[in-house]
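Numbering (the numbering used here), first residue to last: 165 to 505.
Here you go:
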């Protein structure tokens with residue numbers, strides 16, 4: 165007999181991943197070449213058939229069958245078809261236990277800042293950008309614009325915050341007939357943050373910081389050392405600063421956020437499903453608004469709502485008003501669930 169394998173481990177480490185790695189974790193290719201994994205529909209189950217809705221949060225094509233060896237359309241119902249995919253519904257004939265580890269993903273219509281690295285203590289985004297946390301939040305939540313390229317404007321500096329009126333003045337100056345302004349770029353929201361983080365050259369920053377630390381003293385020296393340690397950690401782990409801005413988010417396996425039917429026909433569902441549905445609704449609405457070329461003020465408002473929806477999913481209560489469920493209780497986020505584990 166083989167000795168029993170040990171499932172013990174010392175610790176679990178959580179880190180940041182690239183958008184490509186996140187997508188790869190939740191994506192699969194069917195034998196017919198179709199790529200599945202993206203959750204696009206703000207649906208859970210069909211309340212008439214009690215079967216999961218396709219491309220929804222419990223989709224059998226993405227996460228696997230609800231019943232062992234049975235596809236969504238019910239055409240095949242035996243273990244003899246192990247490893248084969250149904251040509252009609254695209255569901256694999258396998259055990260339902262795969263729904264405990266298979267993931268999906270949501271492709272965001274606009275980038276959003278990861279609330280752990282924005283609102284955490286310390287704020288790694290603020291440290292990397294060498295900006296006050298308050299200023300970074302003003303950019304992310306669409307309260308202030310940020311200068312991405314000052315161009316030849318004498319009155320502008322890199323990473324300077326601008327109000328709406330100041331931004332309009334710059335825009336009028338750029339498009340005036342006798343304008344001499346060139347190369348000026350202004351941004352807002354997580355897209356601007358993504359640009360600022362992408363512009364950081366980690367190796368050059370380390371070199372410049374070491375020179376500054378050699379001549380610095382007191383509190384300024386401590387601040388520089390803190391920033392140097394963060395940048396050194398990014399270099400050592402091969403991570404990129406722009407990965408702290410999310411463009412794809414994972415949808416955890418459905419069996420970890422179950423939906424249970426009670427005796428009287430009512431359903432009880434995990435708080436995570438409500439939070440995921442909120443993200444999908446905001447994401448789909450933003451996509452439609454961008455397609456019809458809606459006014460900028462409407463697009464900005466939808467992007468802010470998407471940012472707040474993802475914040476609530478990852479770490480509820482860190483930002484904005486508390487989202488409550490049907491019982492008027494705060495919904496539990498991913499951070500609330502893994503906290504203390």
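All C-beta atoms in this analysis are idealised placements derived from N, C-alpha and C, irrespective of residue type, glycine included.
Since the structure is predicted, the reported quantities are computational estimates derived from the model, not experimental observations.
Annotation: residue 227 is outside any beta strand (DSSP E); the continuous alpha helix (DSSP H) that includes it extends over 224–227. In terms of Cβ geometry, residue 417 and residue 236 do not form a close pair [threshold 8 Å].
Residue 414 is bridged by DSSP to 269. Cβ atoms of residue 413 and residue 487 stay farther apart than 8 Å, at about 17 Å. Going by C-alpha positions, residue 241 is about 52 Å away from residue 461. Counting only runs of 4+ residues, the alpha helix (DSSP H) found wholly inside the stretch 361–404 occupies 366–379 and 382–401, in chain order. Residue 309 carries a strand assignment under DSSP once its states are collapsed to helix, strand and coil.
According to the DSSP assignment, residue 443 belongs to the alpha helix (DSSP H) that extends over 435–455.
Secondary structure note for residue 297: its alpha helix (DSSP H) is the uninterrupted segment 297–304. For residue 463, there is no enclosing beta strand (DSSP E); the residue is part of the alpha helix (DSSP H) that begins and ends at 460–478. Checking the DSSP bridge columns, you'll see residue 208 has no partner listed.
The beta carbon of residue 330 sits closer than 8 Å to those of 309, all from its chain and outside the five residues before and after it, given in chain order.
Distance check between residue 263 and each of 213, 421 and 458 places 421 closest, using alpha-carbon atoms only. The Cβ neighbour count for residue 213, taken over all protein chains shown within 10 Å, is under 16; the residue is labelled exposed.
Among the bridge pairs identified by DSSP, residue 199 is matched with 193. Residue 344 counts as exposed, since fewer than 16 other C-beta atoms from the protein chains shown sit within 10 angstroms of its C-beta. Linking residue 267 to residue 456 through their CA atoms gives a straight-line distance of about 31 Å. The beta carbon of residue 198 sits closer than 8 Å to those of 254, all from its chain and outside the five residues before and after it, given in chain order.
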